[in-house]
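Down below is the structure, laid out as structure tokens.
2 protein chains.
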Amino acid sequence: MILNVSTIMALDNPTTRTAVTTADKVFEQMLYAIVNGNIKAGSKISEPELAKNYQISRSTLREALNRLEKCHLIERKANVGSRVVECSIAGLLELYIVREALEGMACRQAASNMTDDEILEMKAMLAQHANVKALREGVAYYQEEGDLDFHYKVILGSHNQQLINILCGQLYHLVRMYRCQFGMNSPRATKAFDEHSRIIEAIAERDGELAEMLMRRHIAASRKNIENKIAQQKLSTSTTA
Amino acid sequence: MILNVSTIMALDNPTTRTAVTTADKVFEQMLYAIVNGNIKAGSKISEPELAKNYQISRSTLREALNRLEKCHLIERKANVGSRVVECSIAGLLELYIVREALEGMACRQAASNMTDDEILEMKAMLAQHANVKALREGVAYYQEEGDLDFHYKVILGSHNQQLINILCGQLYHLVRMYRCQFGMNSPRATKAFDEHSRIIEAIAERDGELAEMLMRRHIAASRKNIENKIAQQKLSTSTTA
DNA sequence: TCAAACATTATTGTCGACAATCTATATTGT
DNA sequence: ACAATATAGATTGTCGACAATAATGTTTGA
Chain V
1 MILNVSTIMA LDNPTTRTAV TTADKVFEQM LYAIVNGNIK AGSKISEPEL AKNYQISRST
61 LREALNRLEK CHLIERKANV GSRVVECSIA GLLELYIVRE ALEGMACRQA ASNMTDDEIL
121 EMKAMLAQHA NVKALREGVA YYQEEGDLDF HYKVILGSHN QQLINILCGQ LYHLVRMYRC
181 QFGMNSPRAT KAFDEHSRII EAIAERDGEL AEMLMRRHIA ASRKNIENKI AQQKLSTSTT
241 A
Chain D
1 MILNVSTIMA LDNPTTRTAV TTADKVFEQM LYAIVNGNIK AGSKISEPEL AKNYQISRST
61 LREALNRLEK CHLIERKANV GSRVVECSIA GLLELYIVRE ALEGMACRQA ASNMTDDEIL
121 EMKAMLAQHA NVKALREGVA YYQEEGDLDF HYKVILGSHN QQLINILCGQ LYHLVRMYRC
181 QFGMNSPRAT KAFDEHSRII EAIAERDGEL AEMLMRRHIA ASRKNIENKI AQQKLSTSTT
241 A
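Quick mapping for you: the protein sequence lines, in order, are chains V and D. Quick note on UniProt numbering: the first sequence kicks off at 1 and runs consecutively. Quick note on UniProt numbering: the second sequence kicks off at 1 and runs consecutively.
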């Protein structure tokens with residue numbers, strides 16, 4: 001399996017220390033497998049079977065399952081077992097609502113708390129994205145990577161440990177899972193780039209109120225884009241049927 | 001130990017099923033102990049010692065510790081051990097920032113998604129708080145309970161499972177811990193009551209935008225109140241010293 | 001006397017086995 | 001034939017012991 005930039009980035013952040021224990025390694029492997037759909041969404045998890053597959057004890061596997069549960073990637077019921085979470089449209093929209101609130105606030109905090117160096121770094125990153133974009137116009141792949149990179153930097157820039165933990169430590173794995181499951185290749189690539197630019201501008205000008213508003217609109221636009229897509233799909237299927 | 005309304009409420013919500021397994025029970029006991037300060041903040045957790053105290057195996061204890069970690073009440077380092085989280089002023093303010101974002105959004109969603117029955121229920125609850133308030137003017141205790149009740153109802157009213165999980169399942173235990181540790185007996189009791197009334201009004205009128213704004217101001221006011229207190233304390237200590 | 005390397009101790013991570021609980025099939029009675 | 005019960009199977013929760021890692025104290029050398 002080839003690990004692209006985003007998957008590596010998602011793990012190589014301050015909230016995630018490098019895996020030292022075997023439970024950590026198994027956790028990461030299962031994380032990839034679930035996010036990429038190798039372990040299907042909604043499927044039941046058999047502890048004895050998986051323990052055999054990874055050649056570890058059930059105790060160690062359960063330790064890994066506990067971490068997956070912390071990321072909201074699996075759900076456990078007492079005396080029944082674990083299931084991989086389902087990826088429903090409703091769940092996706094709920095996730096966008098949470099992101100709009102949290103990342104909006106993170107953006108406001110970033111405008112206050114980011115160092116000048118961090119802001120310069122973000123500007124450099126954006127310029128690099130612009131180059132990549134010019135090279136591969138229309139190919140959304142790199143833009144997607146860039147999108148995740150961008151959001152990550154903003155969140156870290158908030159310097160709010162609670163925000164960082166919730167967003168980077170837990171929710172973003174779910175976000176990536178949804179992106180893979182629904183195969184979203186951002187048709188908003190060019191628009192998103194412009195929106196990113198304006199957000200960084202607001203942060204650079206230390207205008208927290210504006211920065212929050214722009215970030216919320218940025219995420220809300222993505223959500224509405226999805227809602228429209230869904231509405232169109234429903235429309236087309238109902239007319240063809 | 002007497003369990004007051006808020007502690008019971010905090011556990012008896014849709015996100016927390018009744019404890020069936022022994023690990024669940026130990027988790028709840030430790031939860032109370034940490035929140036109430038019986039297990040001191042910042043203290044190291046000895047697995048063998050605690051296992052002996054609760055008369056359970058280390059495996060079971062570790063299961064309980066995993067749940068505590070999910071609530072951000074303890075922190076684990078590989079091959080080192082677990083520590084109860086420290087309650088710093090900075091951490092408290094960070095928590096308020098997160099709450100402002102999430103509960104604000106929950107309030108907006110509640111304005112859209114609450115049923116008419118739920119709204120009536122909230123109004124009834126508020127009326128009851130008004131009675132209690134009249135009976136015990138100046139005694140902040142019941143108002144505090146009412147405050148938690150109120151916020152809980154709003155969050156559940158959002159009908160957003162992600163929001164409910166994060167706020168009710170994880171963050172609120174931390175909130176309660178901070179309240180106990182810093183002994184906050186809400187000097188804003190009467191003000192808070194009026195703010196609650198206006199928020200419910202906005203929800204009843206299905207005005208999500210206003211509801212979010214009011215909730216954010218409500219929480220931000222609490223935060224600033226604390227910031228002022230801290231500032232005064234610093235001032236007084238610096239002048240007396 | 002101090003610093004560094006070593007040895008010892010204690011704690012955490014991992015393992016395999018047993019007990020308690022749930023699920024599914026088969027049986028029995030109406 | 002259908003429903004309810006009972007039984008068999010599998011799965012999860014819990015336990016105690018061992019291995020690996022970190023922290024402590026001791027010894028040795030300069």
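Think of the CB as a built atom: it goes at the ideal place given N, C-alpha and C, for glycine as much as any other residue. Everything numeric in this text was worked out from a predicted model, so none of it was measured.
Query: Nearest-angstrom Cα distance between V/Ala41 and V/Gln181?; Result: 8 Å
Query: Name, going along the chain, the residues of the stretch 51-67 of chain V whose beta-carbon falls closer than 9 Å to a beta-carbon of chain D.; Result: Ser59, Arg62, Glu63, Asn66 and Arg67
Query: Out of D/Leu61, D/Ser158, D/Gly183 and D/Glu28, state which residue places its alpha-carbon closest to the alpha-carbon of D/Cys87.; Result: D/Gly183
Query: Do D/Glu100 and D/Ala220 have their beta-carbon atoms positioned less than 8 Å apart in this structure?; Result: yes
Query: In angstroms, rounded to a whole number, what distance separates the CA positions of D/Leu102 and V/Asp116?; Result: 28 Å
Query: Would V/Asn79 and D/Val20 qualify as a contact pair, given that the criterion is a beta-carbon distance under 8 Å?; Result: yes
Query: With a threshold of 6 Å on Cβ separation, who are the neighbours of V/Tyr54 within its own chain once the five nearest residues in sequence on each side are excluded?; Result: Val26
Query: Restricting to runs no shorter than 3 residues, where is the beta strand (DSSP E) found entirely within the stretch 5-85 of chain D?; Result: 74-77 and 81-84
Query: Who are the Cβ neighbours of V/Ile89 in its own chain at under 7 Å, not counting the five residues just before and after it?; Result: Ile230
Query: Against D/Gln109, what residues of chain V qualify as contacts under a CB-to-CB distance less than 7 Å, listed in chain order?; Result: Ile97
Query: Does the beta-carbon of V/Lys224 have 16 or more other beta-carbons within 10 angstroms, so that it is buried, or is it exposed?; Result: exposed
Query: At what residues does the alpha helix (DSSP H) containing D/Gln161 begin and finish?; Result: Gln161 to Ile164
Query: If I measure Cβ to Cβ from D/Lys153 and keep anything under 6 Å in the same chain, skipping five residues before and after, which residues do I get?; Result: Met122
Query: Give the interface partners of V/Asn160 over in chain D, defined as CB-CB distance under 8 Å, in chain order.; Result: Glu94, Ile97 and Val98
Query: Taking only the alpha-carbon atoms, compute the straight-line gap between V/Glu94 and D/Ser236 and give it to the nearest angstrom.; Result: 46 Å
Query: Taking just the CA atoms, how far does D/Ala211 sit from D/Arg179?; Result: 25 Å
Query: Only counting the same chain, and skipping five residues up and downstream in sequence, which positions put a Cβ closer than 7 Å to that of D/Thr22?; Result: Ile56 and Thr60
Query: Using a cut-off of 9 Å between C-beta atoms, extract the partners of residue 323 of chain V located in chain D.; Result: Any property of residue 323 of chain V remains undetermined from this structure, which presents chain V solely from 1 to 241.
Query: Could you name the residues of the stretch 212-227 of chain V whose beta carbon sits closer than 7 Å to any beta carbon of chain D, in the order they occur along the chain?; Result: none
Query: In this structure, does DSSP put D/Asp194 in helix, strand or coil?; Result: helix
Query: Got a sec, what are the start and stop residues for the alpha helix (DSSP H) V/Leu102 sits in?; Result: Ile89 to Asn113
Query: So with CB distances below 8 Å, who are the chain D contacts of V/Thr115?; Result: Near V/Thr115 there are no residues of chain D at all, since even the closest Cβ is about 17 Å away, more than 8 Å.
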